[in-house]
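Quick note: the sequence shown uses this note's numbering, first residue 663, plus one each step.
Glycine included, every Cβ here is placed at the ideal spot set by N, Cα and C.
Source: prediction; values computed, not measured.
To keep things clear, I will list the structure first and then write my remarks on it.
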Amino acid sequence: MDTRSRREMIKGNNTMKAENKNKILQKDDCKDNTKMNTRVWEIDFFRGIALLLMIYFHLIFDLKEIYNYNVDYSGGFNAFTGRAAGTLFIFLSGVSCTFSRNNFRRGLKILALAILITIVTYFYNADMIILFGVLHFLGVSILLYPYLKKLEVKTLAIIGTVIFILGNPVKNITLDFDYLFIFGLTSNKFVSADYYPLIPWLGIFIYGIVTGKLIYKDKKSIFNFNIGKNIISWLGRHTLHIYIIHQPLIILFIGLFERIIVKLGL
663 MDTRSRREMI
673 KGNNTMKAEN
683 KNKILQKDDC
693 KDNTKMNTRV
703 WEIDFFRGIA
713 LLLMIYFHLI
723 FDLKEIYNYN
733 VDYSGGFNAF
743 TGRAAGTLFI
753 FLSGVSCTFS
763 RNNFRRGLKI
773 LALAILITIV
783 TYFYNADMII
793 LFGVLHFLGV
803 SILLYPYLKK
813 LEVKTLAIIG
823 TVIFILGNPV
833 KNITLDFDYL
843 FIFGLTSNKF
853 VSADYYPLIP
863 WLGIFIYGIV
873 TGKLIYKDKK
883 SIFNFNIGKN
893 IISWLGRHTL
903 HIYIIHQPLI
913 ILFIGLFERI
923 IVKLGL
């Protein structure tokens, strides 16, 4: 092989290496862009709002049930914040399932944390045990999603509506046992400090799936603007972690606040 041929071969190899490098860089850029674009800002934002509502409700709950303050969470605005938070969480979880490819693993993770909460609340105070709270519900519902997603949108909408409508009739049924508590069928002795049975709440979750399939089928924001980085959206992206730690922190801060008040003689 002469010198000229050798130079052309080396030049060709260098060109191929450069092209391959550019392809790799372009591929990485595409991955980064896809990751950024698939984050729908309004879902994080409204999930953050739900988290703030939940923290407020649990603050009122703890003041009443643990520290015996004269506050009420069974009606009015305080009760509304609790139900609004739960409804938003459940609906948005249904929407988010249409985005995620790891629903089974995510569902198992949430359900495992929920079971841990049941154990902790039982040993902390058996009268305030959480047997089927919002995390239990979300874990089970997310595990059901692979079966629900196979159904047509119209069928899902009908099933969701039927389950939701059955909520009040089922609530008024009293049994002699609690084996069906995950469906909302319980006895008068049933206790769960946080309670989100499949009937009617699975209906809300299914509405979220329908919304995801219809409105977010392209997995993009439905708005032509982006509010950018903000604390509410940040909270919405870290909901699960904050949910786990917020109750102990609330109890701790209330206790510290009371001690400070006592020391100051107020």
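Local Cβ density within 10 Å of residue i, reported as buried at 16 or more and exposed below that
i      : result
Asn765 : buried
Gly917 : exposed
Arg763 : exposed
Leu860 : buried
Val919 : Sequence inspection shows Phe at residue 919; the Val mentioned does not correspond to that position. Phe919 is exposed by the Cβ-count criterion.
Arg745 : exposed
Ala747 : buried
Leu926 : exposed
Tyr735 : buried
Thr836 : exposed
Thr760 : buried
Leu864 : buried
Backbone secondary structure at residue i - three-state DSSP
i      : result
Tyr786 : helix
Tyr729 : coil
Tyr857 : strand
Phe761 : coil
Lys925 : helix
Arg701 : coil
Asp694 : With a pLDDT of 38 at Asp694, under the threshold of 50, the modelled position of this residue cannot be trusted; read the value that follows with caution. Residue state, collapsed to three classes: helix.
Asn892 : coil
Gly801 : helix
DSSP bridge partner residues for residue i (one or two, in chain order)
i      : result
Phe887 : Paired residue(s): none; Phe887 is not in a bridge.
Phe794 : Tyr857
Thr836 : Thr848
Whole-angstrom C-beta distance between residue j and residue i, which should lie under 8 Å
i      : j      : result
Ile825 : Pro862 : 6 Å
Ile646 : Ile711 : Because the chain here runs from 663 to 928, residue 646 falls outside it and cannot be looked at.
Asp856 : Gly795 : 3 Å
Thr783 : Ile777 : No, Thr783 and Ile777 are not in contact; Cβ-Cβ is about 11 Å, not under 8 Å.
Gly898 : Arg701 : That belief does not hold up - the Cβ atoms of Gly898 and Arg701 are roughly 10 Å apart, past 8 Å.
task: Take every Cβ of the stretch 792 to 808, pair it with every Cβ of the stretch 734 to 753, and state whether three or more of those distances are shorter than 8 Å.
output: Contact annotation: the stretch 792 to 808 touches the stretch 734 to 753, with at least three C-beta pairs closer than 8 Å.
field: Cβ contact check for the stretch 857 to 871 and the stretch 810 to 823: 3 or more pairs under 8 Å
entry: yes
query: For the 8 Å Cβ check, are there 3 or more pairs between the stretch 843 to 852 and the stretch 723 to 742?
result: no
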